[in-house]
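Trainee: Taking UniProt numbering as reference, the numbering of the sequence shown is continuous, increasing by one, and the terminal residue is 306.
Beta carbons: idealized from backbone N, C-alpha and C, even for Gly.
This structure is in structure tokens; I'll ask about it shortly.
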Amino acid sequence: MSATQQKAAPPKPLPFQWQFVAGAVAGVSEILTMYPLDVVKTRFQLQVGTGGADGYSSIGDCFKKIIKNEGFGTLYRGIIPPIMVEAPKRATKFAANEQYTILYKSILGEDVNRQGLSILTGVSAGITEAFLVVPFELVKIRLQDKGNAGKYKGSMDALTKIVRAEGVLALYNGLEATLWRHASWNGGYFGCIQGVKSIIPEAETPNGNLARNFVAGAIGGTFATMLNTPFDVVKTRIQNQAKGSVLKYNWTLPGVAMVYREEGFRALYKGFVPKVLRLGPGGGILLVVFDTVSSLIRKHVLHENV
Numbered sequence: 001m002s003a004t005q006q007k008a009a010p011p012k013p014l015p016f017q018w019q020f021v022a023g024a025v026a027g028v029s030e031i032l033t034m035y036p037l038d039v040v041k042t043r044f045q046l047q048v049g050t051g052g053a054d055g056y057s058s059i060g061d062c063f064k065k066i067i068k069n070e071g072f073g074t075l076y077r078g079i080i081p082p083i084m085v086e087a088p089k090r091a092t093k094f095a096a097n098e099q100y101t102i103l104y105k106s107i108l109g110e111d112v113n114r115q116g117l118s119i120l121t122g123v124s125a126g127i128t129e130a131f132l133v134v135p136f137e138l139v140k141i142r143l144q145d146k147g148n149a150g151k152y153k154g155s156m157d158a159l160t161k162i163v164r165a166e167g168v169l170a171l172y173n174g175l176e177a178t179l180w181r182h183a184s185w186n187g188g189y190f191g192c193i194q195g196v197k198s199i200i201p202e203a204e205t206p207n208g209n210l211a212r213n214f215v216a217g218a219i220g221g222t223f224a225t226m227l228n229t230p231f232d233v234v235k236t237r238i239q240n241q242a243k244g245s246v247l248k249y250n251w252t253l254p255g256v257a258m259v260y261r262e263e264g265f266r267a268l269y270k271g272f273v274p275k276v277l278r279l280g281p282g283g284g285i286l287l288v289v290f291d292t293v294s295s296l297i298r299k300h301v302l303h304e305n306v
């Protein structure tokens with residue numbers, strides 16, 4: 001069999017610290033490119049009903065009104081917290097999922113990563129990840145809300161004012177809802193990827209394997225977003241409630257029931273379209289940048305033949 005006919009051997013995994021670096025660069029690149037869609041998603045999730053004359057009727061309408069009324073820079077308002085948390089968040093997501101896989105395989109006596117096990121490890125990794133991201137999510141949402149325009153000068157000012165006015169524990173408002181959001185997303189994501197990969201044939205080339213992973217990841221991410229958007233809507237509203245205001249939303253499941261009762265089923269999926277639009281190209285950006293940075297590290301830092 002010729003060299004061109006042989007299946008390309010996969011490279012050895014990068015050491016953890018370099019995976020961390022590659023994941024951080026990829027994650028920050030995705031955020032810088034796709035972050036405006038996250039702002040739009042949050043605006044829709046905070047909008048009750050149609051939002052009146054100043055409400056948003058579509059993604060395009062939301063972009064237009066934000067730029068016209070608040071300036072282009074508003075599309076990147078609140079970006080510092082997610083950038084700060086991106087590297088540890090991605091390290092936690094994948095490292096925790098791997099460690100839980102090893103743990104549960106040992107406990108259950110499994111030697112194959114079945115779909116049920118992937119769901120269990122994903123949920124566990126999501127719960128672990130949630131504890132890390134809550135304070136960053138809360139600051140980001142407060143900055144993204146147009147009702148807080150002029151209240152905070154930036155991320156550190158928002159953090160300082162929230163702690164001073166509401167106490168340190170306020171940074172963990174919405175923890176329970178964040179647990180629901182991340183547990184459902186990670187469980188759906190890793191479980192769906194395992195299921196899709198069991199259907200799609202093994203790739204013969206590195207590029208084919210990249211395409212296979214991209215398809216599985218995109219389908220998994222879309223399915224996970226369908227699962228967790230109602231929890232995300234309620235989490236956003238809980239975390240936007242400042243001390244002294246009427247606390248309409250407290251716990252996740254009662255909050256989901258309240259949104260459904262007062263605004264209808266569609267309200268539970270406010271912001272779903274910009275989330276999915278971010279998921280597709282964002283997933284592609286992550287894969288391309290991660291692969292490129294990994295190759296550069298192998299060539300120029302580890303001095304491997306690539």
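For T160, is the classification buried or exposed, using 16 other Cβ atoms within 10 angstroms of its Cβ as the cut-off for buried?
Mentor: Residue mapping note: residue 160 aligns to position 160 of the sequence shown, counting from 1. Around the beta carbon of T160, fewer than 16 other beta carbons lie within 10 angstroms, which makes this residue exposed.
Trainee: Check whether the region 95-108 and the region 143-156 touch, using three or more Cβ-Cβ pairs below 8 Å as the test.
Mentor: no
Trainee: Just list the beta strand (DSSP E) runs in the region 124-203, keeping only unbroken ones of 3 residues or longer that don't cross its boundaries, in chain order.
Mentor: Here no run is fully enclosed.
Trainee: Which whole runs of the alpha helix (DSSP H) in the region 46-98 are 4 residues long or more, in chain order?
Mentor: 59-70
Trainee: Going straight from the alpha carbon of T229 to that of F190, what length do you get?
Mentor: Here residue 229 refers to the residue found at position 229 when the sequence shown is read from its first residue. Here residue 190 refers to the residue found at position 190 when the sequence shown is read from its first residue. Each residue's Cα considered, the two are about 17 Å apart.
Trainee: Identify, in the order they occur along the chain, each residue of the same chain with its Cβ nearer than 8 Å to the Cβ of T92, setting aside the five sequence neighbours on each side.
Mentor: The residue given as residue 92 occupies position 92 in the sequence shown. If we look at T92 and ignore the five residues flanking it on each side, its Cβ neighbours are A125, T128, E129, L132.
Trainee: Given this structure, state the Cα-to-Cα distance separating W180 from F231, to the nearest angstrom.
Mentor: Here residue 180 refers to the residue found at position 180 of the sequence shown. Here residue 231 refers to the residue found at position 231 of the sequence shown. Taking the straight line from one Cα to the other gives about 6 Å.
Trainee: Round the Cβ separation of N240 and L46 to the nearest angstrom and send it over; I've been treating them as touching at under 8 Å.
Mentor: For this step, residue 240 is matched to residue 240 along the sequence shown. For this step, residue 46 is matched to residue 46 along the sequence shown. Their Cβ separation, rounded to whole angstroms, is 6 Å, which keeps N240 and L46 in contact under 8 Å.
Trainee: Using the Cβ count rule (16 or more neighbours within 10 Å means buried), how would you classify T252?
Mentor: Taking the first residue of the sequence shown as 1, we reach residue 252 at position 252. Under this definition T252 is a buried residue.
Trainee: Measuring CB to CB, does T225 end up less than 8 Å from K275?
Mentor: Your numbering for residue 225 matches position 225 in the sequence shown. Your numbering for residue 275 matches position 275 in the sequence shown. Yes, these two residues count as a Cβ contact at 8 Å.
Trainee: Tell me which same chain residues have a C-beta within less than 6 Å of the C-beta of V301, skipping the five on either side of it?
Mentor: On the sequence shown, residue 301 is found 301 positions in, with the first residue counted as 1. If we look at V301 and ignore the five residues flanking it on each side, it has no Cβ neighbours.
Trainee: Does DSSP put V276 in a helix, a strand or coil?
Mentor: Here residue 276 is taken as the residue at index 276 of the sequence shown, counted from 1. V276 carries a helical assignment under DSSP once its states are collapsed to helix, strand and coil.
Trainee: In the structure shown, what three-state DSSP assignment does H303 receive?
Mentor: Start at 1 with the first residue of the sequence shown, and residue 303 comes out as number 303. Coil, per DSSP.
Trainee: Taking the straight line between their C-alpha atoms, what separation do you get for M34 and H182?
Mentor: As a working note, residue 34 is residue 34 in the sequence shown. As a working note, residue 182 is residue 182 in the sequence shown. Their backbone Cα atoms lie some 20 Å apart in a straight line.
Trainee: Sorted by chain position, which residues of the same chain lie with C-beta nearer than 7 Å to L247's C-beta, five sequence neighbours on each side aside?
Mentor: Residue numbering aside, residue 247 sits at position 247 when the sequence shown is read from its first letter. Within the same chain, L247 has close Cβ partners Q241.
Trainee: By DSSP, does Q241 sit in helix, in strand, or in coil?
Mentor: One-based indexing of the sequence shown puts residue 241 at position 241. Of the three classes helix, strand and coil, the one that applies to Q241 here is coil, per DSSP.
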